[in-house]
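A.B. asks: By the count of UniProt numbering, the sequence shown reaches residue 164 at its end, each step adding exactly one.
Input: one structure, supplied below.
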Amino acid sequence: MQSQIEWMTMNEALQAQKKEPKKIFADVYTDWCGPCKLMDKNTFSNPDLANYVNEHFYPVKFNAEGTEKVDYKGFEYTNPNYKPERKGKRNAQHFFANALKVSAYPTVVFFDEKSNVISPVVGYRTPEQLEIYLKMIATDAYKELTSQEAWKEYQSNFEGAFKN
């Protein structure tokens, strides 16, 4: 059986967090972004990665140029400059993507249990490359990694387990 990530909207994840606190893993993408499509095909389809994400996070798919309304931290984020005739092509950036300071796609954004942003990870990542971030965030190890040296040491000691 193929394991798949059980994607939800940002609002669904924020609601779920209120009932059961869990970190959020948000894939911020656009329709026209080639590397985003490759992440869907090559990275998010990886069974080990999918199982890990489903178990430890609320996984969110967020179109950075879409029209979904997002209620985040008492503010409603929309995309008032969206042009329907540009659907599938470059469009106006959603205010929520802007608030997250996302300027390149794909970007994965991690949120803690209280929906505060932990860190964005910019650019295409293979399952093996994303694994270190997933596990560092899920286990709260990131809280200890306060310097470049600590991060380098964490990376050199990290042993990935995701199979290709």
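Where a beta carbon is used, it is the ideal one built from N, C-alpha and C, also for glycine.
Whole angstroms is fine: what's the gap from T78's alpha carbon to P47's?
C.D. replies: 33 angstroms
A.B. asks: Hey, could you find the ends of the alpha helix (DSSP H) N11 is sitting in?
C.D. replies: M10 to K19
A.B. asks: Which value, in whole angstroms, describes the spacing of the CA atoms of L49 and P127?
C.D. replies: 6 angstroms
A.B. asks: Tell me, to the nearest whole angstrom, how far the beta carbon of V108 is from that of A64; I am working on the premise that it is less than 8 angstroms.
C.D. replies: Between the beta-carbon of V108 and that of A64 there is about 12 angstroms, and that puts the pair past the 8 angstroms contact cut.
A.B. asks: Starting from E153, trace the alpha helix (DSSP H) in both directions and tell me its first and last residue.
C.D. replies: Q148 to N157
A.B. asks: Taking DSSP's pairing of strands, which residues face D27 in a bridge?
C.D. replies: K61 and V108
A.B. asks: Whose C-beta lies closer than 7 angstroms to the C-beta of T54 among residues of the same chain, with five residues either side of it excluded?
C.D. replies: Sequence check: residue 54 is Asn here, not Thr. Excluding sequence neighbours, N54 sits near I5 and E6.
A.B. asks: Regarding P47 and the ligand ZN, is the C-beta to nearest heavy atom distance less than 7 angstroms?
C.D. replies: Questions concerning the ligand ZN fall outside what the structure shown contains, since it holds no ligand whatsoever.
A.B. asks: What residues match up with F44 in a beta bridge as DSSP calls it?
C.D. replies: The partner list for F44 (beta bridge, DSSP) is empty, contrary to what the question assumes.
A.B. asks: Is the CB-CB distance between Y72 and F44 below 8 angstroms?
C.D. replies: no
A.B. asks: Rounded to a whole number of angstroms, what is the C-alpha to C-alpha distance between N51 and I118?
C.D. replies: 21 angstroms
A.B. asks: Measure the alpha-carbon distance for M124 versus Y105 and round it to whole angstroms.
C.D. replies: Residue identity differs from the one stated: residue 124 is Tyr in this sequence, not Met. Looking at the two C-alpha atoms, the distance is approximately 8 angstroms.
A.B. asks: With C-beta atoms as the reference, is G88 less than 8 angstroms away from D31?
C.D. replies: yes
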